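What follows is a single structure, written as structure tokens, with notes after it.
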Amino acid sequence: MSDTLADNKTTSNGPSDGLAVLEGARSAAETYGIPLAVLLEVTHRCPLQCPYCSNPVELDRGSTELTTEEWKKVLSELAELGVLQVHFSGGEPTARKDIVELVQHASDVGLYSNLITSAVLLTKDKLSALADAGLSHVQISFQGNEPNVADRVAGLKDAHKKKLEVAKWTRELDMPLTVNAVMHRQNLHQLSDIIQMAVDLDADRLEVANVQYYGWALKNRAALMPTVEQIEETSRIVEEAQVRLKGTLAIDYVVPDYYALRPKKCMGGWGRQFFNISPAGKVLPCHAAESITGLEFESVRSNHSIAWIWQNSEAFNRYRGTGWMPEPCKSCEFREVDYGGCRCQAFALTGDAGNTDPACALSPRHEEIFKQAEQESAGTQNRFLYRNFAGGTLETDEDKSHGA
Amino acid sequence: MASRNISVSETSRPKLPRHTKLKFDETRQVWVILAPERVLAPDEIAVEVLQLCDGVRSVAEMVDQLAEKYAAPREAIATDVVAMLQDLADKGFLTEARENTA
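In order, the protein sequences belong to chains A and B.
Using the working numbering, read the first sequence as starting at 98 and increasing by one per residue.
Using the working numbering, read the second sequence as starting at 16 and increasing by one per residue.
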């Protein structure tokens with residue numbers, strides 16, 4: 098029935114999937130179709146301190162966050178533009194007191210909403226209110242399959258227990274549940290148990306996401322980088338489980354690009370099918386984009402519409418398409434397959450966002466960076482730098498021995 | 016734990032689960048199915064069938080209706096409709112109405 102349903106995941110798309118169908122149907126006036134889904138990082142505040150947090154190292158303070166009315170205006174504008182889904186994320190989105198009101202507004206303007214949460218701040222009443230407000234899907238992050246590892250990684254006591262409780266409430270309320278497990282050297286040994294945990298929680302979907310190394314995770318790379326053997330074992334476990342659990346649990350797998358020969362098609366290509374909005378209202382091509390210095394990002398607080406920013410702002414056009422590419426990307430046959438990989442990673446590892454992503458075997462820096470990562474993965478440096486507003490706090494021996 | 020899988024037959028009374036929404040996308044002028052982390056673009060026939068999936072109508076009734084509308088052989092329509100609904104069900108976009116025991 099491949100002709101009946103053009104299936105497209107909003108996160109990763111090839112030219113033959115449903116996005117091509119939808120992009121093909123956009124109005125002729127637009128150069129780049131508006132993304133189907135937008136990530137809203139409504140706050141950077143979070144009770145967890147995960148050392149691989151995807152937020153920028155320079156976090157937006159609570160005082161700079163968009164107000165309730167500003168977020169509502171953003172939601173209305175997105176719906177009008179043709180965005181279909183919004184992901185309420187953070188930081189911890191439920192740290193905002195107005196989260197139910199924002200979800201309700203998303204429903205009112207016809208947006209499908211997803212909550213990407215650590216779950217630790219949710220009560221049953223709050224979750225029920227979110228469901229009543231039209232929340233369509235809950236994604237809960239897990240740091241392990243049991244409290245010793247999980248609470249230590251999260252940097253929060255009893256976090257794991259609370260997550261299990263909220264996952265149960267989610268299913269009791271008949272909402273679909275995704276378990277998101279971020280994997281690294283210090284929890285990969287729990288992968289099989291995490292898969293079973295997702296099954297036991299009656300989750301619909303499991304994301305096995307290897308850490309991507311920029312921002313906080315790059316600072317913690319030596320403590321997180323898996324070994325090549327671990328990655329091989331991971332792929333084996335995931336592939337076996339995908340077959341075994343077909344129809345029961347869908348498993349999406351994100352491989353760590355350090356051990357790949359080809360870079361990932363990051364964000365589906367810069368400014369091509371994804372943007373997110375930061376707590377302070379910046380419209381970004383990627384949630385890590387603010388780590389690239391020298392790029393100016395427009396805000397929803399400016400005089401420009403979101404559509405204008407997407408189409409015309411310098412930051413979005415800077416690395417769009419293939420025109421900006423240096424060699425070896427410029428003449429590479431894969432340039433429209435991966436769009437040169439990840440700009441944030443190129444910046445973090447080479448100092449220039451316009452370079453080929455070193456994850457690519459064709460990058461002149463690939464060899465050197467791979468070697469360094471391999472050495473780090475074999476090392477014994479297991480101490481975390483916890484994410485916080487103070488620029489990070491190094492884990493103490495007491496943290497390590499007691500869980501957080 | 017119950018499997019999400021349902022087996023579609025002519026006696027099934029399928030419906031879209033609460034978290035799946037069928038809607039007309041005004042911007043792109045196409046029908047879409049919204050689901051967690053996914054957007055699907057069903058074709059015209061799929062849209063027509065999905066609109067009949069209300070959890071009350073049986074697949075047999077849908078087939079009768081479509082066979083009459085398109086003056087097509089019932090058997091061929093039944094095969095296509097069941098296959099299409101099964102495909103949707105396997106992907107988690109279709110559920111079965113709970114039996115009314117009252």
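Note that the Cβ used here is the ideal one computed from N, Cα and C, for glycine as well.
Bear in mind the structure is a predicted one, so any value in this text is a computation, not a measurement.
Entirely enclosed alpha helix (DSSP H) segments - the stretch 151–238 of chain A, minimum 4 residues: 165–178, 196–205, 221–229
Residue closest to glutamate 464 of chain A, alpha-carbon to alpha-carbon, out of A/Gln408, A/Tyr355, A/Leu270, A/Gln201: Taking the first residue of the first sequence as position 1, residue 464 of chain A is located at position 367. For the options A/Gln408, A/Tyr355, A/Leu270, A/Gln201, the alpha carbon positioned closest to that of glutamate 464 of chain A is the one of A/Tyr355.
Proximity test, Cβ basis, 8 Å: threonine 275 of chain A and chain B: The count along the first sequence starts at 1 and reaches residue 275 of chain A at position 178. Yes, contact with chain B.
Phenylalanine 481 of chain A, DSSP secondary structure in three states: Numbered from its first residue, the first sequence carries residue 481 of chain A at position 384. Correct three-state label for phenylalanine 481 of chain A: coil.
Check whether histidine 34 of chain B and histidine 234 of chain A have beta carbons under 8 Å apart: Along the second sequence, read from residue 1 onward, the residue named residue 34 of chain B stands at position 19. Along the first sequence, read from residue 1 onward, the residue named residue 234 of chain A stands at position 137. The answer is yes: Cβ separation under 8 Å.
Cβ of serine 186 of chain A within 8 Å of any chain B Cβ: Locating residue 186 of chain A in the first sequence gives position 89, counting from the first residue. It does not; no Cβ of chain B falls within 8 Å.
Short Cβ contact (8 Å threshold) for alanine 338 of chain A with isoleucine 291 of chain A: Mapped onto the first sequence, residue 338 of chain A falls at position 241. Mapped onto the first sequence, residue 291 of chain A falls at position 194. Result no, Cβ atoms of alanine 338 of chain A and isoleucine 291 of chain A do not sit closer than 8 Å.
Sub-8 Å separation of glutamate 111 of chain B and isoleucine 21 of chain B beta-carbons: Stepping through the second sequence from its first residue, residue 111 of chain B is reached at position 96. Stepping through the second sequence from its first residue, residue 21 of chain B is reached at position 6. Result yes, Cβ atoms of glutamate 111 of chain B and isoleucine 21 of chain B sit closer than 8 Å.
From A/Gln442, A/Lys265, A/Leu163, A/Ala295, residue whose alpha carbon lies closest to that of alanine 278 of chain A: As a position in the first sequence, residue 278 of chain A is number 181, starting the count at 1. Out of A/Gln442, A/Lys265, A/Leu163, A/Ala295, A/Ala295 has the C-alpha closest to the C-alpha of alanine 278 of chain A.
Interface flag, threonine 42 of chain B vs chain A, CB-CB below 8 Å: Start at 1 with the first residue of the second sequence, and residue 42 of chain B comes out as number 27. So, interface residue.
Residue ranges of each beta strand (DSSP E) within the stretch 347–397 of chain A, 3 or longer: 347–351
Rounded straight-line distance, which links the Cα of cysteine 147 of chain A to that of phenylalanine 239 of chain A: In the first sequence, residue 239 of chain A corresponds to position 142, counting from 1. In the first sequence, residue 147 of chain A corresponds to position 50, counting from 1. Using only the alpha carbons, I get a separation of about 11 Å.
DSSP beta-bridge partners of alanine 91 of chain B: By 1-based counting over the second sequence, the position of residue 91 of chain B is 76. Answer by DSSP bridge pairing: none, since alanine 91 of chain B is not bridged.
Reduced DSSP secondary structure (H/G/I, E/B, other) of alanine 458 of chain A: As a working note, residue 458 of chain A is residue 361 in the first sequence. The answer is coil: DSSP assigns alanine 458 of chain A none of H, G, I, E or B.
Chain B residues whose Cβ lies nearer than 8 Å to that of asparagine 211 of chain A: Position 114 of the first sequence, counted from the start, is the residue given in the question as residue 211 of chain A. Within 8 Å Cβ-Cβ: Pro51, Glu52.
CB contact flag (histidine 281 of chain A, tyrosine 149 of chain A, <8 Å): Here residue 281 of chain A refers to the residue found at position 184 when the first sequence is read from its first residue. Here residue 149 of chain A refers to the residue found at position 52 when the first sequence is read from its first residue. It is a contact, given that the beta carbons lie within the stated cut-off.
Any chain B beta carbon closer than 8 Å to arginine 302 of chain A: Here residue 302 of chain A corresponds to residue number 205 of the first sequence, with the count starting at 1. Yes, because at least one Cβ of chain B sits closer than 8 Å to the Cβ of arginine 302 of chain A.
Residues, ordered as in the chain, of the stretch 222–233 of chain A that lie near chain B by beta-carbon distance below 8 Å: Residues Ser233.
From B/Glu25, B/Thr42, B/Val78, residue whose alpha carbon lies closest to that of leucine 178 of chain A: Taking the first residue of the first sequence as 1, we reach residue 178 of chain A at position 81. The shortest Cα separation from leucine 178 of chain A among B/Glu25, B/Thr42, B/Val78 belongs to B/Thr42.
Length of the line joining the Cα atoms of aspartate 496 of chain A and glutamine 236 of chain A: Position 399 of the first sequence, counting from 1, holds the residue named residue 496 of chain A. Position 139 of the first sequence, counting from 1, holds the residue named residue 236 of chain A. Computed Cα separation, rounded: 27 Å.
Cα-Cα separation between serine 502 of chain A and leucine 303 of chain A, rounded to whole angstroms: Because chain A here runs from 98 to 501, residue 502 of chain A falls outside it and cannot be looked at.
Minimum Cβ-Cβ distance from aspartate 105 of chain B to chain A less than 8 Å: Residue mapping note: residue 105 of chain B aligns to position 90 of the second sequence, counting from 1. Yes, aspartate 105 of chain B lies at the interface with chain A (some Cβ there is under 8 Å from its Cβ).
Rounded C-alpha distance that separates glycine 187 of chain A from tryptophan 313 of chain A: Taking the first sequence and counting its residues from 1, the one referred to as residue 187 of chain A is at position 90. Taking the first sequence and counting its residues from 1, the one referred to as residue 313 of chain A is at position 216. Using only the alpha carbons, I get a separation of about 15 Å.
Cutoff 8 Å: valine 47 of chain B Cβ touching any chain E Cβ: As a matter of chain content, chain E is missing from the structure shown, whose protein chains are A and B.
Amino acids of chain B, ordered along the chain, whose beta-carbon sits closer than 8 Å to that of glutamate 312 of chain A: Numbered from 1 along the first sequence, position 215 holds the residue referred to as residue 312 of chain A. Here residue 312 of chain A is glycine; the residue named in the question, glutamate, does not match the sequence. The contacting residues do not exist; glycine 312 of chain A stays about 23 Å from chain B at best.
Minimum Cβ-Cβ distance from arginine 33 of chain B to chain A less than 8 Å: Translated into the one-based positions of the second sequence, residue 33 of chain B becomes position 18. It does; some Cβ of chain A falls within 8 Å.
Counted within 10 angstroms of its Cβ, other Cβ atoms place threonine 511 of chain A as buried (16 or more) or exposed: Residue 511 of chain A falls outside the range modelled here, since chain A spans only 98 to 501, and no answer is possible.
Minimum length 3: unbroken beta strand (DSSP E) runs contained in the stretch 303–353 of chain A: 347–351
Reduced DSSP secondary structure (H/G/I, E/B, other) of asparagine 277 of chain A: Reading the first sequence from its first residue, position 180 is the one you call residue 277 of chain A. Asparagine 277 of chain A: strand per DSSP, three-state reduction.
Isoleucine 131 of chain A versus tryptophan 367 of chain A: straight-line alpha-carbon distance, rounded: Position 34 of the first sequence, counted from the start, is the residue given in the question as residue 131 of chain A. Position 270 of the first sequence, counted from the start, is the residue given in the question as residue 367 of chain A. The straight-line gap from Cα to Cα measures roughly 13 Å.
Which listed residue (B/Pro32, B/Glu59, B/Thr94, B/Lys84) has its alpha carbon closest to that of phenylalanine 39 of chain B: Here the question's residue 39 of chain B lines up with position 24 in the second sequence. Nearest C-alpha to phenylalanine 39 of chain B: B/Glu59.
Backbone CA spacing between aspartate 95 of chain B and alanine 347 of chain A [nearest angstrom]: Position 80 of the second sequence, counted from the start, is the residue given in the question as residue 95 of chain B. Position 250 of the first sequence, counted from the start, is the residue given in the question as residue 347 of chain A. Their Cα atoms are separated by approximately 25 Å.
Within-8 Å CB hit, lysine 84 of chain B to chain A: Numbered from its first residue, the second sequence carries residue 84 of chain B at position 69. No - not a single Cβ of chain A is within 8 Å of the one on lysine 84 of chain B.
C-alpha distance - tyrosine 310 of chain A paired with leucine 212 of chain A, whole-angstrom precision: Residue numbering aside, residue 310 of chain A sits at position 213 when the first sequence is read from its first letter. Residue numbering aside, residue 212 of chain A sits at position 115 when the first sequence is read from its first letter. If you take the alpha carbons of tyrosine 310 of chain A and leucine 212 of chain A, they lie about 24 Å apart.
Proline 29 of chain B and leucine 109 of chain B closer than 8 Å at C-beta: Against the second sequence, residue 29 of chain B aligns to sequence position 14. Against the second sequence, residue 109 of chain B aligns to sequence position 94. Yes. Within cutoff.
Pairwise C-alpha distance: threonine 331 of chain A and arginine 341 of chain A: Numbered from 1 along the first sequence, position 244 holds the residue referred to as residue 341 of chain A. Numbered from 1 along the first sequence, position 234 holds the residue referred to as residue 331 of chain A. Rounded to the nearest whole angstrom, the CA to CA distance from arginine 341 of chain A to threonine 331 of chain A is 15 Å.
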